[in-house]
Amino acid sequence: MVGPSHRPLERSVAAFDADTSERGGYVYTTNDRWSSQHAGGRQTDEVIRMLAENFPRSIRLADIGCGDGTHSLEIFRLFGPAGVRGIDPASNAIAAAQKQIPSDATDSVAFEVGNIYDVESKGEDVAVIFGVLHHLDRPQLAINHLASQFKSVLVLEPNGFNPALKVIEKVSAYHREHDEKSYWPPALNRWFAHAGMSVVAQKYFCLVPYFFPTSAAKALAKLEPRAESTPLIRQVTCGTNLILYQKP
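Here the sequence shown is numbered in numbering that gives the first Met the number 0, starting from 0 and rising by one per residue.
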């Protein structure tokens, strides 16, 4: 499979397209496990909190790698930006996202097939990259391109400091099929620095993994406030790394 620029797309694109054909959306966003609902909710809440702390609600944003549109529409509903443009290479996912646009949001929300390596800014104030970079075979190439198009980039990624995530990536069939991995946070920050962007805000949060047994997930959730407020502990135990990068 190739993108609009005829670059070969990542192996995971076909897997995500198949998920959408079979389930009507991605496994992460359509399964009803308590752990997945909790983890996904925490991630959306923290993205919105970081947006609210750094941008006015009059902004327009590009959600690059938007998948089935779930997070794009949650950001639109809960944060209320002037506009959201979702872009993803998986055509089935974009078709599913387009069907979810509320009738009163057709002038403010749009979804299109596109490639992170080639996407062009249409004047958006910030690009949101929600769980995308760790699927890429050429993350530095994507980062360099994003830095050439957007002044601000908000990135949500698995926390590469967390040793448990490294084990899950190796033993989980889902993670192998979807080419899930996690980057060492200093390396991620260095790649953006080389592209001319610096860290404005960074947060590690959420102990609960997706697809985790409910009883164990609820026990971990009770520990989250203490873990997230404790330096060093949060870096090695939390599963999500959220960073806002900006040009000087």
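Using N, Cα and C, we set each Cβ at its ideal position, and we do this for glycine too.
All of these numbers come straight from a predicted model, not from anything done at the bench.
- In summary, residue 41 is buried, with 16 or more beta-carbon neighbours lying within 10 Å of its beta-carbon over all protein chains present.
- When DSSP states are grouped into helix, strand and coil, residue 105 belongs to the coil group.
- Contact annotation: residue 103 and residue 85 have beta-carbon atoms that are not nearer than 7 Å.
- Here residue 126 is not near residue 140, since their CB atoms are 7 Å or more apart.
- The C-alpha of residue 198 lies about 24 Å from the C-alpha of residue 224.
- Per DSSP, the continuous alpha helix (DSSP H) segment holding residue 73 begins and ends at 69-78.
- Taking 8 Å as the upper bound for CB-CB distance, residue 217 and residue 241 are not in contact here, some 23 Å apart.
- Secondary-structure assignment with DSSP links residue 242 through a beta bridge to 154 and 201.
- Only buried fits residue 68, as 16 or more other CB atoms lie within 10 angstroms of its CB.
- For a cut-off of 8 Å, the C-beta gap from residue 246 to residue 196 is around 6 Å, short enough to register as a contact.
- Classified as exposed, residue 163 has fewer than 16 neighbouring CB atoms from the shown chains inside 10 Å of its CB.
- Between the C-alpha atoms of residue 117 and residue 151 there is a straight-line separation of about 17 Å.
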